[in-house]
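In this note's numbering, the protein residues as written are 1 to 589.
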């Protein structure tokens with residue numbers, strides 16, 4: 001059964017997300033307060049000790065007068081961008097939508113080694129979507145705060161090095177390498193926004209170390225030129241399909257359909273209409289704007305008109321092609337257009353250290369020193385609070401990786417376990433196990449029952465559902481024997497005792513004493529299917545198609561809950577946890 005969830009369904013985890021964010025905030029404040037008391041009592045200053053140990057490390061030291069106006073502009077601008085990205089990461093649609101709506105489409109067409117690296121991370125996300133979304137958001141918030149607040153040269157460089165590792169992870173796992181997915185082009189933000197973030201981190205680290213290349217316009221111009229050129233060439237590739245009627249226009253129409261201000265959507269709709277009537281010209285404009293900006297930036301990086309044109313070209317792609325990046329329910333950032341425009345525009349600003357450019361800097365420094373003295377405690381508090389939250393998010397990450405999977409993705413995938421508004425007796429039946437012994441529903445009174453319908457000839461969905469049932473039951477430990485796991489054959493052709501035995505043996509289900517796979521005559525099975533509302537369809541070709549529901553029946557024989565299981569192997573662990581959580585409540589009642 002296909003996954004019918006829409007982007008609006010992904011917000012179903014919003015309550016979990018908000019409640020755990022509150023726990024993070026309160027716990028961070030509590031940990032910070034305890035650490036503060038401990039440091040005050042012991043008179044231990046870890047920052048000074050760390051600084052003294054790293055003082056002779058060139059890669060960790062920072063020249064206090066090396067920051068020019070250009071690097072300051074980029075530091076502050078990207079500090080704000082990182083914070084906005086962190087906030088977007090924590091929107092309710094992200095835990096459930098990141099894998100299916102962001103990562104999976106980006107990985108289509110990517111080399112196998114990229115998928116091999118990404119898949120374990122995506123599986124971990126599917127097991128713990130809410131917790132890992134919080135970790136991701138806090139990491140981005142930390143990077144942003146570290147760029148904006150004076151948390152010390154060593155701390156900032158640690159964060160910048162950490163951001164490069166984060167950039168690499170996002171580039172592989174979230175972007176799939178940036179250029180391999182179908183339709184990758186200038187209009188979609190290729191080769192990937194995270195490359196721009198990584199370049200800025202490298203530039204800031206190099207500026208702190210007084211690297212000579214930072215003060216030159218050419219390296220930054222060449223970077224922007226290369227980025228735009230790759231996007232333009234992808235846009236021009238016939239294999240991407242943008243020259244064909246309907247490709248570019250349908251993409252733009254989809255982007256403009258997201259909930260957003262009229263002023264933002266209308267230009268995108270107008271260009272979509274233009275692309276619908278003149279696809280070749282519309283795509284040629286996209287190619288010319290990006291490739292033209294790339295060429296002139298490489299040739300004349302110091303020319304202000306050229307820099308202005310490059311900035312406008314990046315903003316054109318950001319608005320028209322990328323729809324500003326943030327209006328999709330699963331938009332986690334501005335896409336590449338806006339960050340790239342910021343980098344290009346920085347070429348308009350002097351790169352000289354501020355202390356050389358003007359005596360006014362001396363006065364400004366004195367004033368800042370007095371202000372910092374007055375507000376130093378507040379600034380330090382903000383920095384330490386952020387670092388504490390980051391530490392706590394790391395604890396959550398480790399605990400999540402070692403802990404039981406969350407049922408959150410089952411909730412997103414199919415709505416999760418749904419309680420019935422009114423309890424009603426489960427329809428009775430008497431069928432037979434593989435040995436021919438009669439088994440009735442009434443024989444399970446006093447035990448919770450999980451009941452489902454499986455096809456013994458099925459080799460994908462049904463074995464997966466059976467394994468999720470026994471896995472969820474096994475999580476109960478010793479109490480697992482108190483539960484009856486019951487499956488009824490859902491195949492009007494193959495339903496003999498030998499068919500049932502072969503299924504159980506093939507999938508190791510005969511090892512579980514509380515597993516019951518029941519069958520009967522065609523008429524007996526059809527009666528049970530009808531009573532439980534199970535559709536069983538025999539197509540001309542292929543396997544039998546049937547409803548994939550799990551019924552949770554309490555100790556008194558009443559149907560308590562129901563679960564639609566899509567048999568999505570990506571969410572198998574999540575479904576097992578959903579089954580476990582429901583059974584745990586039933587066993588303890």
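Just so it is clear, CB atoms sit at the ideal spot from N, CA and C, and this is done for glycine as well. Remember, predicted model here, so these are calculated numbers, not experimental data.
The three-state secondary structure of residue 467, taken from DSSP, is helix. Here DSSP, grouped into helix, strand and coil, assigns residue 559 to strand.
Put simply, the backbone Cα of residue 112 is about 34 Å away from that of residue 79. Look at residue 450 here: in three-state DSSP terms it is strand. In the displayed model, residue 515 falls within a strand according to three-state DSSP. According to DSSP, residue pairing for residue 432 in a beta bridge involves 438, 519.
With fewer than 16 other beta carbons inside 10 angstroms of its own, residue 280 counts as exposed. From the listed residues 461, 442, 523, the smallest Cα separation to residue 553 is found for 442. Scanning 539, 452, 516, 483 for the CA closest to the CA of residue 566 turns up 452. Under DSSP, the beta-bridge partners assigned to residue 536 are 546. The distance from the Cβ of residue 448 to that of residue 324 is about 51 Å, inconsistent with a contact at the 8 Å cut-off. Assignment of residue 423 by DSSP, reduced to helix, strand and coil, places it in the strand class.
In the DSSP assignment, residue 487 falls within the unbroken beta strand (DSSP E) covering 484-489. Scanning its chain for C-beta atoms nearer than 7 Å, with the 5 sequence neighbours on each side dropped, one finds no residue around residue 263. In the DSSP assignment, residue 277 falls within the alpha helix (DSSP H) that extends over 262-277. Between residue 559 and residue 424, the gap from beta carbon to beta carbon is short of 7 Å.
Going by C-alpha positions, residue 273 is about 10 Å away from residue 248.
Restricted to the region 290-318, the alpha helix (DSSP H) segments that are unbroken, complete and at least 4 residues in length are 304-316, listed in chain order. Excluding residues up to 5 positions away in sequence, 463, 466, 467 lie with their Cβ nearer than 8 Å to the Cβ of residue 507 in the same chain.
The shortest C-alpha to C-alpha distance from residue 244 to any of 140, 278, 270, 221 is the one to 278.
In this structure, residue 307 keeps its C-beta atom at 7 Å or more from the C-beta atom of residue 255.
In the DSSP annotation of this structure, residue 101 is not part of any alpha helix (DSSP H), being labelled neither H nor E.
Here residue 74 is buried: its Cβ has 16 or more other Cβ atoms, across all protein chains shown, within 10 Å. Ranked by Cα distance from residue 328, the options 568, 89, 571 are led by 89. Residue 418 has 562 as its beta-bridge partners, per DSSP.
In the structure shown, residue 68 falls within a strand segment according to DSSP collapsed to helix, strand and coil. Annotation: the continuous alpha helix (DSSP H) that includes residue 338 extends over 337-345. Here the alpha carbon of residue 238 sits roughly 15 Å from the alpha carbon of residue 288.
When DSSP states are grouped into helix, strand and coil, residue 180 belongs to the coil group. Put simply, the backbone Cα of residue 99 is about 43 Å away from that of residue 523. Judged by DSSP secondary structure, residue 131 falls within the alpha helix (DSSP H) whose first and last residues are 129-148.
Here the alpha carbons of residue 186 and residue 110 stand approximately 18 Å from one another. Exposed is the label assigned to residue 440, since fewer than 16 other Cβ atoms lie within 10 Å of its Cβ. By the C-beta density criterion, residue 474 is exposed, having fewer than 16 other C-beta atoms within 10 angstroms. The three-state secondary structure of residue 349, taken from DSSP, is coil.
Around the beta carbon of residue 513, fewer than 16 other beta carbons sit within 10 angstroms, so the residue counts as exposed.
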